[in-house]
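Below is one structure, written out as structure tokens, with a few remarks after it.
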Amino acid sequence: SRMMKPQVVFVLGGPGAGKGTQCSRIVECFNYTHLSAGDLLRAERGREGSECGQLIDTFIKDGKIVPVEITISLLRKAMEETIQKDQEKIRFLIDGFPRNEDNLQGWNRDMDGKADVKFVLFFDCNNQTCVNRCLERGRSSGRSDDNRESLEKRIQTYQQSTRPIIDLYEKQGKVRTVDASRSVEEVFADVKSILDKEG
Ligand code: UP5
Ligand code: MG
19 SRMMKPQVVF VLGGPGAGKG TQCSRIVECF NYTHLSAGDL LRAERGREGS ECGQLIDTFI
79 KDGKIVPVEI TISLLRKAME ETIQKDQEKI RFLIDGFPRN EDNLQGWNRD MDGKADVKFV
139 LFFDCNNQTC VNRCLERGRS SGRSDDNRES LEKRIQTYQQ STRPIIDLYE KQGKVRTVDA
199 SRSVEEVFAD VKSILDKEG
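Under UniProt numbering, the sequence shown has 86 at position 68, and the numbering climbs by one with no breaks.
And the structure:
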């Protein structure tokens, strides 16, 4: 049978914009597999025998973006494992990637012709709301980057490195923007209507 190409939606937005929350809601209603680049990196950081655990740990605390070779290999592995288990499962939400020029170049180098990027789902949220949500979560998340110091760096990295990537996709007409500063329900209503339209 003909191998189907993976269909990818990139999910972007600031730290705490609600990417993970909305992706969890999406997979309940639509036929997508959710892959969070951040979650994959945190899992790799904690894996015994990992060669890049220390590097990942340092980068995450500093709100810096891990070299793309590491992130792409984790994403590819997760995609391949999903498809291997069920060949119908070719639709992916890639959450929190690509975050900078290095990420985008790495993706294009490795995945060009191997996966289709359908569009970018952009959760647009002001910095203050993002920071407040992460600080609130930090009371119980145990995430090493949910503190004021790391958050300042995460916001700066987002503004300097990730926004330009979103702008690039915007110029190609590939961005679907949602006002993510509202309630989870209100945001999801918009997400649903976008996905209903895009298939
Ligand atoms: N919440 C969510 N939606 C809400 C709403 N509408 N109203 C009120 N509260 C809402 O939500 C964050 C918190 O807000 C939660 O408590 C939630 O209940 C509440 P969440 O859904 O987790 O938001 P999300 O956007 O996923 O926030 P996250 O903190 O995961 O975003 P980041 O982009 O900062 O984190 P990520 O895990 O993607 O990356 C972490 C780090 O990993 C990066 O800083 C970087 O160092 C590294 N990284 C890479 O280097 N490369 C990559 O490709 C990816 C990550
Ligand atoms: Mg997340």
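Here a beta-carbon is modelled for each residue, glycine too, at the ideal position from N, C-alpha and C.
If you look at Lys-37, you'll find it in the alpha helix (DSSP H) that goes 37-47. Separation of Val-193 and Asn-144 (C-alpha to C-alpha, rounded to the nearest whole angstrom) is 18 Å. Not a single heavy atom of the ligand UP5 lies less than 7 Å from the C-beta of Lys-107.
When C-alpha distances from Ser-211 are compared across Gln-174, Arg-65 and Phe-48, the shortest belongs to Phe-48. Burial is judged here by how many other beta carbons sit within 10 angstroms of a residue's own beta carbon; Asn-118 has at least 16 and is buried. According to the DSSP assignment, Ile-78 belongs to the alpha helix (DSSP H) that extends over 71-79. Unbroken alpha helix (DSSP H) stretches of 4 residues or longer found wholly inside the region 141-188: 145-156 and 166-175, given in chain order. Ranked by Cα distance from Trp-125, the first of Phe-137, Glu-87, Gly-56 and Glu-46 is Glu-87. Looking from the CA of Phe-141, the closest CA among Arg-157, Leu-169 and Ile-184 belongs to Ile-184. For the set Asp-208, Arg-109 and Ala-35, the Cα lying nearest the Cα of Val-135 is the one of Arg-109. Listed in chain order, the non-local C-beta contacts of Lys-171 below 7 Å within the same chain comprise Asp-80 and Gly-81, local neighbours out to five positions each way being set aside. Gly-34 is positioned such that its CB atom lies closer than 8 Å to that of Cys-148. Per DSSP, the beta-bridge partners of Asp-113 are Val-29 and Ser-54. Here the alpha carbons of Arg-151 and Asp-130 stand approximately 35 Å from one another. Here Asp-197 carries a strand assignment [DSSP, helix/strand/coil].
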